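Peer 1: Questions regarding the structure given below will be posed in turn.
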Amino acid sequence: MKNSLFILFSLISIQLYAQADHPQIPKTGTDANAFVPKGWKVIYQAKGDLNKDHLPDEAIIIQNTNPKNIIKNDGTGRDTLNVNPRMLLVFIKTSGNYSLLAQNTNFIPTENDIESTCLADPLQETGAISIKNGVLILSYQYWSSCGSYGVSNVGYTFRFQNQKMELIGFKTGGYSRSSGEESTTSLNFSTRRKSETSGGNMFSDKTNKPKTVWKKFNWGRLFTLDEMTEELAEKLSEI
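Convert by adding 16 to the 1-based position in the sequence shown; the result is the number in my numbering.
Below, the structure is given as structure tokens:
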């Protein structure tokens, strides 16, 4: 009997943990904390007017704190890897309440990566999210403490239009921590224009001679924040 109860409680515990990685988010709340599930915490936060009604809208990135997602690492890098899932939530301020406008868990990177154990937290250096001039900017930086001198920066710009947060801009670039050479590519999905800048050097004024080339590119409809995935993000880099 005791063994049966132990197994039952263990199964219930496992089920609750599994559910905690994919929680249901309420549609309305009095403040940002009302949207944070039990066992999760806010790690980044930004405020600003997204829908031009002069009220302070808000975006937060939250992270699960489930200890089962802290994994021992026997390879290079940290001794333990935190792979707790993260979620981006965007709220519109209304009279007395906040309404959930968008959410995404599909392309918000975890603090550590079990396949790239030397990779730094992609959100740590950039501050992750900001709201400026009425748009939401989500930014990552990728660099490794072992095996590579390269640093990659990636940024996504979303604007509230058609009652959704639509992707209107994408920017990717990188530089070498060894040579200082850098390049940048920027996509404007509203105009379907692309800029490619190369020949820069962040360490040497003498060799820092960036040149920018503009091109047109083909693209279908605008994607929303809710639809963004790692696979779609990879396609943007290939345009």
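Virtual Cβ for every residue (Gly too), placed ideally from N, Cα, C. Small disclaimer: the values here were computed from a predicted structure and weren't measured.
#1: DSSP on residue 17, reduced to helix/strand/coil?
#2: Can you give the Cα-Cα distance for residue 176 and residue 182, rounded to whole angstroms?
#3: Could you pull the start and end residues of the alpha helix (DSSP H) that residue 131 belongs to?
#4: Between residue 152 and residue 186, which are expected to be in contact by the criterion C-beta below 8 Å, what is the C-beta distance as a whole number of angstroms?
#5: Roughly how far, in whole angstroms, is the beta-carbon of residue 51 from the beta-carbon of residue 41, given that I think they are within contact range, below 8 Å?
#6: Can you name the residues that DSSP bridges to residue 61?
#7: For residue 221 and residue 205, what's the separation of their Cα atoms in angstroms?
#8: State yes or no: is the C-beta of residue 157 within less than 7 Å of the C-beta of residue 142?
#9: Rounded to the nearest angstrom, what separates residue 170 and residue 203 at their Cα positions?
#10: Helix, strand or coil: how does DSSP classify residue 22 here?
#11: Judging by CA-CA distance, which residue of 211, 72 and 129 is the nearest neighbour of residue 94?
#12: On the premise that residue 102 lies in contact with residue 79, defined as a C-beta separation below 8 Å, what is that separation, rounded to the nearest angstrom?
#13: Whole angstroms are fine: how far does the CA of residue 213 sit from the CA of residue 68?
#14: Going by beta carbon distance, what residues of the same chain come within less than 6 Å of residue 161, once the five residues before and after it are set aside?
#15: Using a Cβ-Cβ cut-off of 6 Å (strictly less than) and excluding sequence neighbours within five positions of residue 180, which residues of its own chain qualify?
Peer 2: In short, the structure shows the following:
#1: Counted from its first residue, the sequence shown places residue 17 at position 1. At residue 17 the pLDDT is 46, less than 50, meaning the model places this residue with poor confidence; the figure from the coordinates comes in the next sentence. The answer is coil: DSSP assigns residue 17 none of H, G, I, E or B.
#2: Along the sequence shown, read from residue 1 onward, the residue named residue 176 stands at position 160. Along the sequence shown, read from residue 1 onward, the residue named residue 182 stands at position 166. In a straight line, the C-alpha of residue 176 is about 6 Å away from that of residue 182.
#3: Numbered from 1 along the sequence shown, position 115 holds the residue referred to as residue 131. Residue 131 -> no alpha helix (DSSP H), and no H or E assigned at all.
#4: As a position in the sequence shown, residue 152 is number 136, starting the count at 1. As a position in the sequence shown, residue 186 is number 170, starting the count at 1. Their Cβ separation, rounded to whole angstroms, is 13 Å, which puts residue 152 and residue 186 out of contact at 8 Å.
#5: The sequence position of residue 51 within the sequence shown is 35, counting from 1. The sequence position of residue 41 within the sequence shown is 25, counting from 1. So it is a contact: roughly 6 Å between Cβ atoms.
#6: Locating residue 61 in the sequence shown gives position 45, where the first residue counts as 1. Note: residue 61 sits in a beta bridge opposite 76.
#7: Locating residue 221 in the sequence shown gives position 205, where the first residue counts as 1. Locating residue 205 in the sequence shown gives position 189, where the first residue counts as 1. For residue 221 and residue 205, the distance between alpha carbons rounds to 33 Å.
#8: The count along the sequence shown starts at 1 and reaches residue 157 at position 141. The count along the sequence shown starts at 1 and reaches residue 142 at position 126. A contact, by the Cβ cut-off of 7 Å.
#9: Taking the first residue of the sequence shown as position 1, residue 170 is located at position 154. Taking the first residue of the sequence shown as position 1, residue 203 is located at position 187. Those two C-alpha atoms are separated by around 12 Å.
#10: Here residue 22 refers to the residue found at position 6 of the sequence shown. With a pLDDT of 36 at residue 22, under the threshold of 50, the predicted position of this residue should be treated as unreliable, and no value is reported.
#11: Counting from 1 along the sequence shown, the entry for residue 94 is found at position 78. If we check each option's Cα against that of residue 94, 129 comes out closest.
#12: For the purposes of this step, residue 79 is identified with residue 63 of the sequence shown, where counting begins at 1. For the purposes of this step, residue 102 is identified with residue 86 of the sequence shown, where counting begins at 1. Yes, they are in contact, since the Cβ atoms of residue 79 and residue 102 sit about 5 Å apart, within 8 Å.
#13: Residue mapping note: residue 68 aligns to position 52 of the sequence shown, counting from 1. Residue mapping note: residue 213 aligns to position 197 of the sequence shown, counting from 1. Their Cα atoms are separated by approximately 33 Å.
#14: Indexing the sequence shown from 1 puts residue 161 at position 145. Cβ within range, chain order: 134.
#15: As a working note, residue 180 is residue 164 in the sequence shown. The answer, listed in chain order, is 240.
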